[in-house]
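Residue numbers (the working numbering): 65 to 207.
Note that CB positions come from ideal geometry on N, CA and C, so glycine has one too.
A quick note: this is a predicted structure, and the numbers were derived from the prediction, not measured.
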Amino acid sequence: MTEASAETRSVVIEREFAFPAERIWRALTQPHLIEEWLMKNDFKPTVGHKFNLRGEWGGVLDCEVLTIEPQKTLAYTWNFSHEDAAFDLRSVVTFTLTPTNAGTHLRVEQAGFSPTQKQAYGGAHAGWKQFFAKLDELLARAD
């Protein structure tokens, strides 16, 4: 094994949304809106708050809010306990919002995938793209 194999990988998805940061921030931090584009949850926008995200696939993610800078940055743990090491995940999801002339650039990074977690990494990459599509739909109809 090389030293590089011990490093973790990150999934990064970036997209510009034609909405102001305030609107996107609400969708990232209000539980009823989070449920519409991400998963069922008991989120509270408070550093240290522990919450769960419950997927339609039956899985439960254990999370804890790490960082909140309103309309700029939101970070929380995204942990999934599984007996198979390929799916036993300890990661951090960070959302970064940057205002643009046309709206807001949203970057999500999920960091913490081991090189042996290829399927979980691929699933997260595809999943975040789907979550962003649902977020765009939500933003378009929310006021």
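Counting along the chain, Thr93 sits inside the alpha helix (DSSP H) bounded by residues 85 to 93. Here DSSP, grouped into helix, strand and coil, assigns Phe195 to helix. The alpha-carbon of Glu78 is positioned some 12 Å away from that of Thr158. In the three-state reduction of the DSSP assignment, Glu133 falls in the strand class. Nearest to Glu100 by alpha-carbon distance, out of Thr137, His113, Glu120, Ala149, is Glu120. Contact check for Gly167 against Ala82 passes: the beta carbons are separated by less than 7 Å. By the CB criterion at 7 Å, His113 and Val129 fall inside the cutoff. Annotation: the continuous beta strand (DSSP E) that includes Thr162 extends over 153 to 164.
Per DSSP, reduced to three states, the secondary structure at His113 is coil, with no helix or strand assignment. The beta-carbon distance between Leu170 and Arg87, rounded to whole angstroms, is 11 Å. This is too long to meet the 8 Å contact definition.
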